[in-house]
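Protein chains in written order, with the working numbering: chain P, 3 to 173; chain H, 51 to 441; chain A, 11 to 176.
The structure under discussion appears below in the form of structure tokens.
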Amino acid sequence: MEDKIREFLNSRFADALIKEDNFRDQQSFHIKPECLVDICQALMDDADLKIKYLSDITSLDWLGHEQEKDGRFEVVYNLYSLDHRYRFFIKVRLPDDKPRIQSLTSLWSGANWMEREVYDLMGIEFEGHPDLTKILTPDELEGYPLRKDFPLTWEQPAFSWNKDDPPEVVK
Amino acid sequence: MTTVSKTVELNMGPQHPSTHGVLRVVLELDGERVVKATPVIGYLHTGIEKTMESKLYYKALPATDRMDYLSPMSNNLGFCLAVEKLMDIEIPEKVKWVRVCLAELTRIKSHLAWVGTHALDLGAMSMLLYAFRERESIIDVYEACSGQRMMSSYIRIGGLAQELPEDFDKLVRKVIKQVAQGIKDYEDLLTNNEIFINRTKNVAVISAADALDYSLSGPMLRGSGVNYDVRKANPYSGYEYFDFEIPLGKNGDAYDRYLIRLEEMRQSLRIIQQTIDGMPEGPYRAHLPGIVLPPKEDVLYKMESMIFHFKIITEGFKAPCGGVYQAIEAPKGELGFYIQGDGTNKPNRVRVRPPSFINLASLPKLVEGRLFSDVVCAIGSIDIVLGEVDR
Amino acid sequence: MGLEEKIPDSIILTTLDKMVNWARKRSMWPFGFGLACCAIEMISTFAAHFDLARYGMEVMRPSPRQADLMIVAGRVSMKMAPVVRTLYEQMPNPKWVISMGACASCGGVFNNYAILQGVDRIIPVDIYVPGCPPRPEQLMDGILKLQQKVEKESLKDKREEWGRSA
Ligand code: SF4
């Protein structure tokens, strides 16, 4: 199955594909952020591949790691083909400064909440999202908790017990 | 005479008896009709993912219990399988069987709590008492294994926390008997119950195409007739050894989901029976010094084991730099763990794919244009656990 | 010969404190709301196997206006904290609070940005029940302890206390 997808991507989006890797039998394709929606649309429409199920969207922060050189943030799209029982990942790298990427809500309604969560916790903006607002954290919380420079034990809102004595940043 | 159409905004929750925890839904109503429903979540946001990222792999495990607290063992299993995949650990045969047995018990436990609370929402108080009666017998198994009633953390990386209790066999057989009888009772009480049928049939309907569009999973997806169950599609932990069926619905309504969950309980009983009958012998933990904790008995008497024990507890193990995703079929749907190792002894990222979070996103679709009282039924039939939705 | 013998049998002598406390203790109406995992154990406590009805407090009230015991069952997040406070304020006096579980008492295993480190930062707590989650027996014990506490309360103190806060 991965050969088919590779062939497909190479034939139609050859310059969008940056690299690919296979870790523990899981195939990932690293692509350029601007081609994301087109690629997903094409994968979805292809009569043979039929990648119709968006399993998950998640994000990583590589701050302070050697991987940071390719871009600090990584967004991972977890796609699944129900017909072939096959799962693979599409990964994109985004820069530290104002990370933005196109939204997939036009293809999958399910992407709506997943993207809101990524926005809320990691601070990545999705262009074209119908309602990009906080979803989990309280409105008064500033910052993005899952980023590595956000301290674990920092209480921000009204009941703060450590505002005079900031705790050290736990990685 | 002219009529002015005016909508009313109604706030449900976050403290509301029938929303299963601290869910809040803002409804826009036109008379009895729901024009728009907006779930507002986050009232139980616990920062579990961030907490897990700050801990050693071993020590992150107990946080998984506290996500979907109705099915703690499934969460344990998902996390352990993901870490085992990351570390490339081979698991002894017996452990796989025990895990399957416990995961299926967990499925029953979760569905029992669901059937009780869902029926309670629709006005059948006694169901809750019956369902929790059966649930206690499963909790007894939990307790015998791990000493805890709910937060068992019994499934560990590389195996189990300790040897199975001696009367495990007996306890599980008792569960099978009791739950089988219980399911019959529920069928008698609910399946042909006029009120129950009227409240659930053709309520909260979602078509197969929409279900895929919303990335639903578990009984929500199968209720609409899509055959996707991780246990069959991508078997893990030895599910391929067992013989069971996946029930599918036709109409995608709340009633179909109810039937599916009941049938799933029966299938789970079948699997449990098979695991109990054919349980292989063997160690309860993989032997991999440096990664998997040595058995406690050895730690007390063998120098080497003690050193490894000490090292793992204080330093943990270093994971390779790579990301793995492991999905399991939790009672609520596809539960996935995406773990990114970064060469140190703590994960860079632990992402949970929470089935109830993603299923809940379809609520506006389920209740659009329906009556107000259907909202309660729709929320119940999704089977959400707020601990997992908010994490 | 004491005074006691002069009083007819049909008359009971007691203090007002004792009588009121006896009545309050025996009909405590808990406020049925759960936050997290501990709530499931709370439901178990109310359900068939453990049956809290034996102690006269099975009447779960879904509205804070009708309840006088709040069982904070589970972790309180930063987003939920103002809501819990509002609910507490909506309960009529006299009211008591049981903080159930490690999380409600002190934050439990979650010492992080999202969880309130103990519900006693926002509302006064009478009884802390430890455990993660506490067993139903533990919760029952907590409730019995609360009953003992209620027995010893005095109306005078309460009046002064409420006078201050009003
Ligand atoms: S104390 Fe334990 S069981 Fe209770 S809410 Fe906290 S984590 Fe859950």
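Built from N, CA and C at the ideal position, the CB exists for glycine as well.
The model shown is predicted, which means the values in this text are computed figures rather than measured ones.
Any non-hydrogen atom of the ligand SF4 within 7 Å of residue i CB
i: residue 119 (chain A); result: yes
i: residue 119 (chain H); result: yes
i: residue 134 (chain A); result: no
i: residue 89 (chain H); result: no
i: residue 128 (chain A); result: no
i: residue 37 (chain P); result: no
i: residue 84 (chain A); result: yes
i: residue 201 (chain H); result: yes
i: residue 116 (chain H); result: yes
i: residue 116 (chain A); result: no
i: residue 143 (chain A); result: yes
i: residue 33 (chain A); result: no
i: residue 111 (chain A); result: yes
i: residue 46 (chain A); result: yes
C-beta contact flag for residue i and residue j at 8 Å
i: residue 84 (chain H); j: residue 418 (chain H); result: yes
i: residue 102 (chain P); j: residue 76 (chain P); result: no
i: residue 34 (chain P); j: residue 83 (chain P); result: no
i: residue 83 (chain A); j: residue 110 (chain A); result: yes
i: residue 140 (chain A); j: residue 112 (chain A); result: yes
i: residue 305 (chain H); j: residue 251 (chain H); result: yes
i: residue 385 (chain H); j: residue 405 (chain H); result: yes
i: residue 14 (chain P); j: residue 44 (chain P); result: yes
i: residue 424 (chain H); j: residue 253 (chain H); result: yes
i: residue 412 (chain H); j: residue 266 (chain H); result: yes
i: residue 63 (chain P); j: residue 80 (chain P); result: no
i: residue 255 (chain H); j: residue 301 (chain H); result: yes
i: residue 81 (chain H); j: residue 138 (chain P); result: no
i: residue 86 (chain A); j: residue 129 (chain A); result: yes
i: residue 381 (chain H); j: residue 160 (chain H); result: yes
i: residue 31 (chain P); j: residue 92 (chain P); result: yes
DSSP bridge partner residues for residue i (one or two, in chain order)
i: residue 32 (chain P); result: P:21, P:93
i: residue 202 (chain H); result: DSSP output for residue 202 (chain H) lists no bridge partner at all.
i: residue 402 (chain H); result: H:387
i: residue 86 (chain H); result: H:78
i: residue 247 (chain H); result: For residue 247 (chain H), which the question treats as bridged, DSSP gives no partner whatsoever.
i: residue 125 (chain H); result: DSSP lists no partner for residue 125 (chain H).
i: residue 103 (chain P); result: P:128
i: residue 63 (chain P); result: P:75
i: residue 414 (chain H); result: None; residue 414 (chain H) has no bridge partner.
i: residue 41 (chain A); result: A:71, A:80
Residue i, buried or exposed, once every other Cβ within 10 Å from all chains shown has been counted against 16
i: residue 132 (chain P); result: exposed
i: residue 115 (chain P); result: buried
i: residue 141 (chain H); result: buried
i: residue 166 (chain A); result: exposed
i: residue 360 (chain H); result: exposed
i: residue 118 (chain P); result: buried
i: residue 307 (chain H); result: buried
i: residue 69 (chain A); result: exposed
i: residue 33 (chain A); result: exposed
i: residue 120 (chain H); result: buried
i: residue 363 (chain H); result: exposed
i: residue 399 (chain H); result: buried
i: residue 58 (chain H); result: exposed
i: residue 257 (chain H); result: exposed
i: residue 7 (chain P); result: buried
i: residue 157 (chain H); result: buried
i: residue 3 (chain P); result: exposed
i: residue 16 (chain P); result: exposed
Distance cut-off 7 Å: residue i Cβ against heavy atoms of the ligand HEM
i: residue 235 (chain H); result: What this structure holds is the ligand SF4, not the ligand HEM.
Within 8 Å, do at least three Cβ pairs link the stretch 207-221 of chain H to the stretch 145-164 of chain H? As far as the Cβ criterion goes, the stretch 145-164 of chain H touches the stretch 207-221 of chain H, which means the pair count is three or higher.
Is there contact between the stretch 50-64 of chain A and the stretch 155-171 of chain A, where contact requires at least three CB pairs shorter than 8 Å? Contact between the stretch 50-64 of chain A and the stretch 155-171 of chain A is absent: fewer than 3 CB-CB pairs across the two stretches fall below 8 Å.
Could you tell me whether the stretch 415-429 of chain H touches the stretch 92-101 of chain A, where touching means 3 or more Cβ pairs closer than 8 Å? Contact fails: fewer than three Cβ-Cβ distances are below 8 Å.
Using a Cβ distance threshold of 8 Å, determine whether the stretch 155-166 of chain H contacts the stretch 388-407 of chain H, with at least three qualifying pairs required. Using a Cβ-Cβ distance cut-off of 8 Å, the stretch 155-166 of chain H and the stretch 388-407 of chain H are not in contact, since fewer than three pairs of beta carbons, one from each stretch, lie closer than that value.
Indicate whether the contact test is met: 3 or more Cβ pairs, each with one atom in the stretch 185-205 of chain H and one in the stretch 13-28 of chain A, closer than 8 Å. Short answer: they don't touch.
Give a yes or no on contact between the stretch 96-103 of chain H and the stretch 120-133 of chain A, applying the rule of three or more CB pairs nearer than 8 Å. Judged by Cβ distances under 8 Å, the stretch 96-103 of chain H makes contact with the stretch 120-133 of chain A, as three or more pairs qualify.
Quick test of the definition: if touching needs 3 or more C-beta pairs under 8 Å, does the stretch 121-136 of chain H touch the stretch 100-113 of chain H? They touch, by the three-pair rule.
Contact between the stretch 267-278 of chain H and the stretch 214-228 of chain H: three or more CB pairs below 8 Å? By the C-beta criterion, the stretch 267-278 of chain H is judged not to be in contact with the stretch 214-228 of chain H, since fewer than 3 inter-stretch pairs fall below 8 Å.
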